[in-house]
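Colleague:
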Amino acid sequence: MASPTQVTASTCCYCGVGCGVLIEYDGEQILGVAGDPSHPANFGKLCSKGSTLHLTGDLDARALYPELRLGKGLARSRTDWDSALDHAAAVFAETIREHGPDSVAFYISGQLLTEDYYAFNKLARALVGTHNIDSNSRLCMSSAVVGYKRSLGADAPPCSYEDIERSDCLLIAGSNMAYAHPVLFRRLEEAKARRPEMQIIVIDPRRTDTCELADLHLAILPGTDVALFHGILHILLWEGWIDRRYIDAHTEGFEALKNLVRDYSPAATADICGISLDSLQRCAELIGRAPSFLSLWCMGLNQSSSGSAKNSALINLHLATGQIGKPGAGPFSLTGQPNAMGGRETGSLSNLLPGHREAGNAEHRAEVATYWGVDALPETPGLSAIELFDAVHDGRIKALWIACTNPAQSLPNQNKVHEALAACPFVVVQEAFFTTETCRYADLLLPAASWGENEGTVTNSERRVSHVRRAVPAPAEARPDWSITCDFARRLETLLRPGLPSLFDFADSEALFEEYKHLTAQRDLDLSGLSYALLDNLGPQQWPFAPGARQGTARLYADGRFPTTSGRAQFHADPYRAPKEKREARYSLTLNTGRLRDQWHGMSRTGTAARLFGHVEAAVLGLHPDELRRRRLQDGDLIKLRSRRGSLILPVQTDESVRPGQAWLPMHWGDRFLKGLGTNVLTQPAFDPLSKQPELKHAGVEVDKVELPWQLFALVEGEVQSRFEALRPLFEDFAYASLTPTGRERPALLIRAASAVAPQPELLAQIDRLLRLNQGPVLAYDDPRRAVGKRVRIEDGRIVSIRLAGETAASEWLRSLWLDGQADADLRRWLLAPLSVPPGNASANTRGKTLCNCLNVSEGAVCAGIERGLDLDGLKQTLKCGTSCGSCVPEIKRLLAQQSTAVNA
Numbered sequence: 001m002a003s004p005t006q007v008t009a010s011t012c013c014y015c016g017v018g019c020g021v022l023i024e025y026d027g028e029q030i031l032g033v034a035g036d037p038s039h040p041a042n043f044g045k046l047c048s049k050g051s052t053l054h055l056t057g058d059l060d061a062r063a064l065y066p067e068l069r070l071g072k073g074l075a076r077s078r079t080d081w082d083s084a085l086d087h088a089a090a091v092f093a094e095t096i097r098e099h100g101p102d103s104v105a106f107y108i109s110g111q112l113l114t115e116d117y118y119a120f121n122k123l124a125r126a127l128v129g130t131h132n133i134d135s136n137s138r139l140c141m142s143s144a145v146v147g148y149k150r151s152l153g154a155d156a157p158p159c160s161y162e163d164i165e166r167s168d169c170l171l172i173a174g175s176n177m178a179y180a181h182p183v184l185f186r187r188l189e190e191a192k193a194r195r196p197e198m199q200i201i202v203i204d205p206r207r208t209d210t211c212e213l214a215d216l217h218l219a220i221l222p223g224t225d226v227a228l229f230h231g232i233l234h235i236l237l238w239e240g241w242i243d244r245r246y247i248d249a250h251t252e253g254f255e256a257l258k259n260l261v262r263d264y265s266p267a268a269t270a271d272i273c274g275i276s277l278d279s280l281q282r283c284a285e286l287i288g289r290a291p292s293f294l295s296l297w298c299m300g301l302n303q304s305s306s307g308s309a310k311n312s313a314l315i316n317l318h319l320a321t322g323q324i325g326k327p328g329a330g331p332f333s334l335t336g337q338p339n340a341m342g343g344r345e346t347g348s349l350s351n352l353l354p355g356h357r358e359a360g361n362a363e364h365r366a367e368v369a370t371y372w373g374v375d376a377l378p379e380t381p382g383l384s385a386i387e388l389f390d391a392v393h394d395g396r397i398k399a400l401w402i403a404c405t406n407p408a409q410s411l412p413n414q415n416k417v418h419e420a421l422a423a424c425p426f427v428v429v430q431e432a433f434f435t436t437e438t439c440r441y442a443d444l445l446l447p448a449a450s451w452g453e454n455e456g457t458v459t460n461s462e463r464r465v466s467h468v469r470r471a472v473p474a475p476a477e478a479r480p481d482w483s484i485t486c487d488f489a490r491r492l493e494t495l496l497r498p499g500l501p502s503l504f505d506f507a508d509s510e511a512l513f514e515e516y517k518h519l520t521a522q523r524d525l526d527l528s529g530l531s532y533a534l535l536d537n538l539g540p541q542q543w544p545f546a547p548g549a550r551q552g553t554a555r556l557y558a559d560g561r562f563p564t565t566s567g568r569a570q571f572h573a574d575p576y577r578a579p580k581e582k583r584e585a586r587y588s589l590t591l592n593t594g595r596l597r598d599q600w601h602g603m604s605r606t607g608t609a610a611r612l613f614g615h616v617e618a619a620v621l622g623l624h625p626d627e628l629r630r631r632r633l634q635d636g637d638l639i640k641l642r643s644r645r646g647s648l649i650l651p652v653q654t655d656e657s658v659r660p661g662q663a664w665l666p667m668h669w670g671d672r673f674l675k676g677l678g679t680n681v682l683t684q685p686a687f688d689p690l691s692k693q694p695e696l697k698h699a700g701v702e703v704d705k706v707e708l709p710w711q712l713f714a715l716v717e718g719e720v721q722s723r724f725e726a727l728r729p730l731f732e733d734f735a736y737a738s739l740t741p742t743g744r745e746r747p748a749l750l751i752r753a754a755s756a757v758a759p760q761p762e763l764l765a766q767i768d769r770l771l772r773l774n775q776g777p778v779l780a781y782d783d784p785r786r787a788v789g790k791r792v793r794i795e796d797g798r799i800v801s802i803r804l805a806g807e808t809a810a811s812e813w814l815r816s817l818w819l820d821g822q823a824d825a826d827l828r829r830w831l832l833a834p835l836s837v838p839p840g841n842a843s844a845n846t847r848g849k850t851l852c853n854c855l856n857v858s859e860g861a862v863c864a865g866i867e868r869g870l871d872l873d874g875l876k877q878t879l880k881c882g883t884s885c886g887s888c889v890p891e892i893k894r895l896l897a898q899q900s901t902a903v904n905a
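In this text, residue positions in the sequence shown follow full-length UniProt numbering: the first is 1, and each later residue adds one.
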């Protein structure tokens, strides 16, 4: 008898908005999700990713048991937890004794819960005695951390989400908010609809969906943000649009900045940034005349070799205009990961300590050491992410523990990263999904619990702490991250500090939180008034939240006092410096990377939900039409995209959102879904000198057409993850291969591949067996002379598997038949035909991509509705598109505008 459905309130595990979710479950498995109407981050709304969380629990992709190998050339085999952790403790202890504590390192994640972070920090710094612990937040938020700390005195975003609704002028810089923080973008759309006089400025080299809401879009040249902000300040000064009283009373360093920005005249700035003088002037005027001015930014500013300067230059505009500490105003960085803020709070970057302390500060080290009951914390600085993996590569780090992150996909210069992981003597990977690119390098794989299976806390972009509640037990032998970490630490301390009381005697995650929160007492981020019980009773709260408080702090610095030595905010006069790689004859394009609407990070989770590939099904390089014409390329041509560090083969397509001279490639693709080492085989490891954040958003690249005449198309229904694991290795010898889930009610695996010559028949036979095309109700045709082969499996009157080899022109209409759940009676006649003319009633797929993932509405259906004269409201009413999460609305508006332009033309 099935258990009754229950509901637990928790939070989403994707972006930094921190949406509340209601998890529906039956005691054993998660059945569905809904937005939590009571959560102040989202008030019941979810995006396309959050609303499909329940579809990402495929056990075929999960790490379920500890696995160990005793040699690099060996396969891992299942082991028990005691053996796994005893072995890890022995290896770490021996390495530390022989080579010192800095010969080991920990690389963790902004997706961990705060309690997990705290356990890792205490393990590394108090027990092992190293600051070699860094987080993948180094790749996304460390420049924002530096910007806040050096300009305002603390890593504390001073704003709240409600400021988005209350602002008169809102600037979005380096963020495709519509994709990266969609629920927050919905809130902005609604505010703009209520208050159309609100002015929205978007600064982005691409014309993204976010630009559809903009009153002004500045498509600056990549990397020129510092010059732009200095140029804006030049105009503000010239026009008298600054708040001299605020500057004199609450800031320092303005005269030096004033002298610097004299060189950034409107003409010079417009030239550097590649924008018109009029648009620059208008931008400055909108900011200067606004009663309230709010800025939002993300990776376009942070992922840069000048990321800290970009952050401080933007904050300068707020200080110069007095636009901080009041409703609708302030500099507001949008966090990329669900708990990157919690990681910053607990000290989970190598240069930080818990409670917004500095590892380089002797007084701070002594405070934490005393609280933890150890003699001292190490003085030697720790390594940041890029430095850390360089140290792995050159052999300085001999034991590496990786938790909840995928550096073999996400770090720049992937060739070097893979070499490092392959050579490291001992690699531990603590992970929920065994499918990540990093797991192949694990000598010890430890299965971790995942979303819906953990309890703890997270902090979102507006400093709001939420209680994450467990709904179901973790599968098989998977365990919560804090539990794994503390269990290992207890075993290691018996070897490193025998006979002493344990530092890791925590019964549950709440015990960790209770110990950690006191390290924040009376500091800028004071969490000491919070508890699990309080969060359950009062709901999510913004810090600081001291003991006795009944509500959090919505806005910081209203009194004009800042946590600096002088109590004043600091202007910083950093000159504009160009990105590290400039366009040149050999690399004539600038590569920009970013997010897709329905995917997240390296797709270890979203990649298990087939429907999330409906909007963009495979990796494609976007180029301006002029660049395609110049290179004599057409949409769909396979190209080699190369940088100074590596190359990829993938299709190219027209993309009018980018300017000539630029290229666009989503960040999500790694070696799992696309043969090669993914997008980051191209990106560069150059980093900001202060934040150590790498320049992932800017790389010099070139495009060459490749001739791969032999191509393959395949599709097979059912058992997607297990078939993927079996089929993916068979495509290593193909020059190009893309394997992605597809479908909705009937998930399937979609494969496209190409090579210069046909593969051996034996390889095709292996592929056919895994596609279920080697026997049974299969229609087959082979022409060995032309290396052409066609296979279609039909069950119960519909297609369930396809393989076209050597000739793939029929792929789209065959796929259309599969989508329709039918098989045309004339298929056998087509198999004998030399080309792709559809038989009988079959027709090419006119659906196009899935525009609305929530309601399964295709681009073709929307375009047909527009042709019938439907406007946005009519499309919503008739097709229901845009009525759930709303992420598709900007794209629908763009299609409507294109139709209007075509009619007027």
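Ideal Cβ positions, reconstructed from N, Cα and C, are used throughout, including at glycine.
1) Any contact between the region 49–60 and the region 454–471? By contact I mean 3 or more CB pairs, one from each, below 8 Å.
2) Sort Y25, P37, P182 by Cα distance to S48 and report the nearest one.
3) Just to confirm, are I235 and I275 a CB contact at a threshold of 8 Å?
4) By the 10 Å Cβ neighbour count, where 16 or more other Cβ atoms means buried, how is residue 928 classified, buried or exposed?
5) Does DSSP put E514 in a helix, in a strand, or in coil?
6) Restricting to runs no shorter than 3 residues, where is the beta strand (DSSP E) found entirely within the region 104–172?
7) DSSP state of G594, grouped into three classes?
8) Determine the burial state of V91: buried for a count of at least 16 other Cβ atoms within 10 Å of its Cβ, exposed for fewer.
9) If distances are taken between C-alpha atoms only, which option among F488, E702, P547, L112 comes closest to R630?
10) Measuring CA to CA, which of A478, P475, Q337, F506 is closest to A489?
11) Below 8 Å between beta carbons: does that hold for S143 and S279?
12) Alpha carbon to alpha carbon, what distance is there between D394 and S604?
13) In this structure, what does DSSP give as the bridge partners for V427?
14) Count the other CB atoms within 10 Å of the CB of V757; is the residue buried (16 or more) or exposed (fewer)?
15) Considering only the beta carbon of each residue, do L213 and I201 sit closer than 8 Å?
16) Out of curiosity, what's the CA-to-CA distance linking R644 and G382?
17) I799 by DSSP, collapsed to three states: which one?
18) First and last residue of the alpha helix (DSSP H) that includes W482?
19) Would you list the one or two residues that DSSP bridges to I200?
20) Using the DSSP secondary-structure output, state which residues sit across from E252 in a beta bridge.
21) Taking just the CA atoms, how far does N121 sit from D86?
22) Under the three-state reduction of DSSP, which class applies to E477: helix, strand or coil?
23) Using the three-state DSSP reduction, which class does W372 fall into: helix, strand or coil?
24) How is the alpha helix (DSSP H) around E98 delimited, first residue to last?
25) Using beta-carbon positions only, say whether P266 and L257 come within less than 8 Å of one another.
26) Name the two residues that bound the continuous beta strand (DSSP E) containing G622.
27) Which residue's Cα is closest to the Cα of H572: G776, G71, A897, A313?
28) Mind checking K310: buried by the 16 CB within 10 Å criterion, or exposed?
29) Tell me, please, which residues DSSP counts as bridged to V465.
30) Would G336 pass as a contact of C15 if the rule is Cβ separation under 8 Å?
31) Could you give the C-beta distance for V128 and I96, rounded to a whole number, given that I count them as a contact under 8 Å?
32) Within 10 angstroms of the Cβ of S3, are there 16 or more other Cβ atoms? Answer buried if so, exposed if not.
33) What are the start and end residues of each continuous beta strand (DSSP E) run of 3 or more residues lying completely inside the region 622–664, in chain order?
34) Are the beta-carbon atoms belonging to R469 and S10 less than 8 Å from one another?
35) Exposed or buried, what is H518 when buried is set at 16 or more other beta-carbons lying within 10 Å of its beta-carbon?
36) Cβ of T224 within 8 Å of Cβ of A178?
Modeller: For this structure:
1) no
2) P182
3) no
4) Outside the modelled stretch of the chain, which goes from 1 to 905, sits residue 928, for which no answer is possible.
5) helix
6) 104–108, 133–135
7) strand
8) buried
9) E702
10) F506
11) no
12) 29 Å
13) L400
14) exposed
15) no
16) 29 Å
17) strand
18) 481–496
19) L170
20) Q570
21) 20 Å
22) coil
23) helix
24) 81–99
25) no
26) 621–623
27) A313
28) buried
29) T459, Q541
30) yes
31) 7 Å
32) exposed
33) 638–642, 647–654
34) yes
35) exposed
36) no
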